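Numbering (full-length UniProt numbering), first residue to last: 1 to 321.
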């Protein structure tokens, strides 16, 4: 009887293991060479800068060449494409640089690269120094918002304006029900799994759950997001991004920001509670706050016209024109 039971259990285990193996084989997503991705996604506006740490940073330089400079920084897993709506609507008045952070887009970083929000902020400073950029207004969404305010804190001489869109920084404002991919990131086995698969299904469900109107997240948007994550080394960096020594927002730190500041937020953001918007606005001297009803985590994607208009009005009022 015991022998029979063991055989049954052993058979069930074998079936489970086989099913897991088959599932992994179906889901696995090998790297896509940079050359192929660049041929598809780079444009005549693309530039590359060799920066400290072995980073070859990709950025696009668009808009009015002699206009005031606006630097835009995307969120976790995203790329410079997140800002297409703003580039189209603000490019007639501003010179716009959109960057791909290490582990994202078309930027290359060496194996073992350790990424953090404060490290990303220092890379923006290094890019500005290398390319001799004038003072700029900087905007960031989500993780990129955390990078943006850290640039304003760590390199205030670079910044004449700060725009935070659903920005990271206040740990207590992060919701307790993140997308499945974020849940998997908490575990070493989950990170290992995400490093080896095509994450398109997780990206689709995650992104469409982050916005007020899922229709704005098109299949083409999802496919591009997923393909760029499969650049060599990207998924390893995404799975290992560190909080950084200075990535947590506090009133003491944010009160040092002197640049005029605009805080934009989607009222129904399911990733970072709208309470974070109020905390940023209260902590940064003179900050202006705009909250958008029925909008989620990506206001620059969901309502590009309205947010671009608000940004233009803010920059004009700050004398950045």
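For each residue, glycine too, the CB sits at the ideal point set by N, CA and C.
Quick caveat, the model's predicted, so the values are computed rather than measured.
{"query": "From which residue to which residue does the alpha helix (DSSP H) around residue 44 run?", "result": "Residue 44 -> no alpha helix (DSSP H), and no H or E assigned at all."}
{"query": "Could you give the DSSP three-state label for residue 62: helix, strand or coil?", "result": "strand"}
{"query": "Between the alpha carbons of residue 282 and residue 293, how many angstroms are there, rounded?", "result": "20 Å"}
{"query": "Look up residue 292 in the DSSP assignment and give the residues it is bridged to.", "result": "266"}
{"query": "To the nearest angstrom, how far is the alpha carbon of residue 47 from that of residue 280?", "result": "33 Å"}
{"query": "Is residue 16 helix, strand or coil by DSSP?", "result": "Bear in mind that the predicted position of residue 16 carries a pLDDT of just 34, short of 50, making it too unreliable to give a figure here."}
{"query": "DSSP three-state call for residue 138: helix, strand or coil?", "result": "strand"}
{"query": "I need the boundaries of the beta strand (DSSP E) containing residue 98, first residue and last residue.", "result": "95-99"}
{"query": "One question on the structure: do residue 115 and residue 290 come within less than 8 Å of each other, judged by their Cβ atoms?", "result": "no"}
{"query": "If you drop the 5 nearest sequence neighbours on each side, which residues of the same chain put their C-beta closer than 8 Å to that of residue 267?", "result": "274, 291, 292, 293, 294 and 295"}
{"query": "Any beta carbon from chain B within less than 8 Å of residue 171's own beta carbon?", "result": "Judged by its chain identifiers, the structure shown contains no chain B, having just a single protein chain."}
{"query": "From 198, 213 and 74, pick the residue whose C-alpha is nearest to that of residue 31; which is it?", "result": "198"}
{"query": "CB-CB under 6 Å to residue 389, same chain, minus the five flanking residues each way: which ones, in chain order?", "result": "Absent from the model: residue 389. The displayed extent of the chain is 1 to 321, so no value can be given."}
{"query": "Do you know how far the Cα of residue 306 is from the Cα of residue 318?", "result": "18 Å"}
{"query": "Measure from the alpha carbon of residue 309 to the alpha carbon of each residue in 209, 90 and 112, then state which is nearest.", "result": "90"}
{"query": "Once DSSP output is grouped into helix, strand and coil, what is the label at residue 241?", "result": "coil"}
{"query": "Specify the secondary structure class of residue 211 as computed by DSSP and reduced to three states.", "result": "coil"}
{"query": "Can you tell which of 269, 248, 207 and 167 has its C-alpha closest to the C-alpha of residue 262?", "result": "167"}
{"query": "With distances taken between CB atoms, is the gap from residue 139 to residue 70 smaller than 8 Å?", "result": "yes"}
{"query": "Should residue 321 be labelled buried (16 or more other beta-carbon atoms within 10 Å of its own) or exposed?", "result": "exposed"}
{"query": "Unbroken alpha helix (DSSP H) runs of length 4 or more, entirely within the segment 87-131: which are they?", "result": "117-130"}
{"query": "Could you please give the first and the last residue of the uninterrupted beta strand (DSSP E) stretch that includes residue 310?", "result": "It is not in any beta strand (DSSP E) - residue 310 instead sits in the alpha helix (DSSP H) that spans 304-317."}
{"query": "Go through its chain and collect everything with a Cβ distance to residue 52's Cβ below 7 Å, but skip five positions before and after it.", "result": "126"}
{"query": "What does the alpha-carbon distance come out to for the pair residue 148 and residue 221?", "result": "24 Å"}
{"query": "For residue 68, which option in 93, 61 and 60 has the closest C-alpha, if you only look at C-alpha atoms?", "result": "93"}
{"query": "Which same chain residues, not among the five before or five after residue 113, have their C-beta less than 8 Å away from its C-beta?", "result": "53, 54, 55, 102, 103, 233 and 237"}
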